[in-house]
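Heads up: the structure comes next, in C-alpha cells.
2 protein chains.
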Amino acid sequence: MGRWQPDARARLQEAALALYGERGYEETTVAEIAERAGLTKRTFFRYFADKREVLFWGSELLQQQMVAAIEAAPATASALALIGAALDAAAERFEKVREFARPRHRIIASSPELTERELIKAASLAAAMARALRARGFDDTAAVLAAHTGVTVMHVAFVRWVDDPDQTPFQQIARDALAQLREIACAG
Amino acid sequence: MGRWQPDARARLQEAALALYGERGYEETTVAEIAERAGLTKRTFFRYFADKREVLFWGSELLQQQMVAAIEAAPATASALALIGAALDAAAERFEKVREFARPRHRIIASSPELTERELIKAASLAAAMARALRARGFDDTAAVLAAHTGVTVMHVAFVRWVDDPDQTPFQQIARDALAQLREIACAG
DNA sequence: ATAAGTGATGTCACCTGGTGTCATCACGAT
DNA sequence: ATCGTGATGACACCAGGTGACATCACTTAT
C-alpha cells in the first residue's frame with residue numbers, strides 16, 4: 025500500500041454522510057469530514073466544489089439514463105409516453121440505491137441549503153430532458169413544460185416511495201402519479 | 025433629519041441591484057453594498073438574512089396573492105381552473121413590477137447561487153398553493169401536482185414575458201402555456 | 001541504479017459571508 | 001435635564017472556499 029489510501033472520494037462521501045446524519049449538516053465542519061476520512065480540508069475541496077456537493081456526486085447518472093430513455097423510445101411516442109419512459113429509467117436507478125436514498129433524503133430535507141442544491145439539480149435534469157424532447161421535434165414550450173412536469177411527478181413519487189412502509193416499487197408509484205396528473209389536466 | 029437616513033432597507037436593495045448589475049453578483053461584496061447605502065456590513069445583515077435575500081424581499085406578496093386567488097375562486101372550479109386563477113393573480117403582480125423584473129431576472133440567471141435561491145422560493149410558492157388546493161378538497165397528490173405544474177407554467181411564461189420585444193401581457197402568455205400543457209397531457 | 005518527472009496531498013495565508021456582543025447616539029417621554 | 005429605546009457602528013470571531021507552494025510516493029528514462 026502506498027502513501028495514499030485509495031478511494032479518497034468515497035471515503036469523504038461516507039464520512040460526510042455519517043457526520044451529516046449524526047450531528048446535522050450545519051453543525052458539521054468540512055475539516056471534521058476530512059479528518060474522519062484521514063485527509064485535510066484542502067483535499068476535500070479538490071474532490072467536491074463545496075460542502076453540499078459531496079451529497080450529489082453521481083447525480084448526472086440519473087440524468088443520463090432518463091435522457092437516454094427518451095432518446096430510445098419509439099418514434100411515435102407522445103410527450104406523456106416519453107415522460108413515462110424517463111420515469112421508468114428513474115425507477116431502475118432508484119431501486120438500485122434504495123438503501124442510501126432514505127438517509128440521504130432525510131439529511132437533505134433537514135437543511136434549506138441542501139434543499140436549494142437539490143432543486144437546482146432537478147432544474148438541470150429538467151433542462152436536459154427538455155433538450156431531448158426538442159430533439160424529437162417538440163416545440164420549445166411543449167418540451168420545457170413536459171420535462172418539468174416529468175421532474176415534478178418524479179419528485180412527488182420519490183417522496184412517497186422513500187417513506188413507504190410497504191416498499192412499493194417506485195415505478196408503480198410514479199405511474200399512478202402520472203395518471204393522476206393526466207386526470208387533473210384533462211378534467212374540467 | 026436625524027442621525028439615520030430613512031429607508032435603510034430600500035437603500036440597501038437599490039445599492040445591491042445596482043452593484044450586482046454593474047459588476048456581477050460574485051464580484052460584489054456585502055461591505056461594498058453597505059458602503060454605497062451609507063451603512064455597514066453588520067447593518068446589511070440586520071435587514072437581510074444573507075447576500076442573496078436582498079433580491080427576494082417582498083416575494084411573499086406574490087405568494088399571498090396567488091393563494092388568495094385560489095381561495096376566492098368559485099366552488100365548482102376544477103384544479104386547472106384554480107391554477108388559471110392563480111396565474112391571473114401573478115399576471116397582475118408582474119405587470120406592476122415590469123420595470124424591475126428584467127434587470128433582476130438577468131442578475132439571477134447569471135448566478136447559480138441566486139438561481140438556487142429563486143428555485144427554493146418557487147418551491148415554497150408551490151407548497152403554499154398545494155395547501156390551498158388541499159383546503160378545497162383535493163387529495164394530497166393531486167394538490168401537489170397541480171401546484172407544481174402551475175408554478176412551472178408561471179416560470180415558463182415569465183421567461184418568455186420578460187424578454188418579449190412585443191411586451192405581450194403576461195396573462196396572455198401564461199394562458200397560452202396552460203392550454204399547451206393541457207394538450208400535452210391529454211394527447212396521445 | 002540514479003535522476004527527473006508526475007500526481008495526489010499537506011501547509012499556510014488569505015478573503016469573504018455571516019454572527020455574537022457591546023458601545024454609541026439620536027430621539028421621545030417623563 | 002434625565003432616562004429609556006431602537007437603530008446603528010465597532011470589533012472579534014468562525015467557517016467556507018481558494019491560491020500558491022512544498023512534499024512525498026511512485027513511475028519512467030537514461
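Sequences listed follow chains L and Z, in order.
Numbering-wise (the working numbering), the first sequence opens with residue 25 and increments by one.
Numbering-wise (the working numbering), the second sequence opens with residue 25 and increments by one.
Where a beta carbon is used, it is the ideal one built from N, C-alpha and C, also for glycine.
- Under the Cβ distance rule, Leu79(Z) does not count among the residues neighbouring chain L, no pair being separated by less than 8 Å.
- Between Ala55(L) and the set Phe69(L), Glu46(L), Gly48(L) and Gly45(L), the nearest pair of CA atoms involves Phe69(L).
- At least 8 Å separates the beta-carbon of Ala34(Z) from that of Leu63(Z).
- Note on geometry: alpha-carbon atoms of Glu59(Z) and Lys65(Z) lie some 8 Å from one another.
- By the beta-carbon neighbour count (other beta carbons within 10 angstroms, threshold 16), Gln88(Z) is exposed.
- Of all alpha-carbon atoms in Gly48(Z), Leu36(Z) and Ala39(Z), the one lying nearest the alpha-carbon of Leu138(Z) is that of Gly48(Z).
- Counting C-beta pairs with one atom in each stretch, the region 92-103 of chain Z and the region 152-166 of chain Z have three or more that are closer than 8 Å, which means they touch.
- For a Cβ distance threshold of 8 Å, residue set Leu169 of chain L lies close to Val177(Z), ordered along the chain.
- Between the region 109-122 of chain Z and the region 166-181 of chain Z there are three or more inter-stretch CB-CB distances shorter than 8 Å, so the stretches are counted as touching.
- Membership of Asp112(L) in the alpha helix (DSSP H) is indicated by the continuous run Ala103 to Lys120.
- Spatial neighbours of Ala93(Z) in its own chain (CB-CB distance under 6 Å, excluding positions within 5 residues in sequence) are listed in chain order as Ala109, Ala110 and Ala113.
- Residue nearest to Glu38(Z) within the set Glu50(Z), Glu51(Z) and Trp81(Z) is Trp81(Z) (criterion: CA-CA distance).
- Arg126(Z) and Ala198(L) have their alpha carbons spaced roughly 37 Å apart.
- Of the candidates Met90(Z), Leu86(Z) and Thr53(Z), the residue whose Cα lies closest to the Cα of Lys75(Z) is Thr53(Z).
- At a Cβ-Cβ threshold of 8 Å, Val78(L) and Leu43(L) do not count as neighbours.
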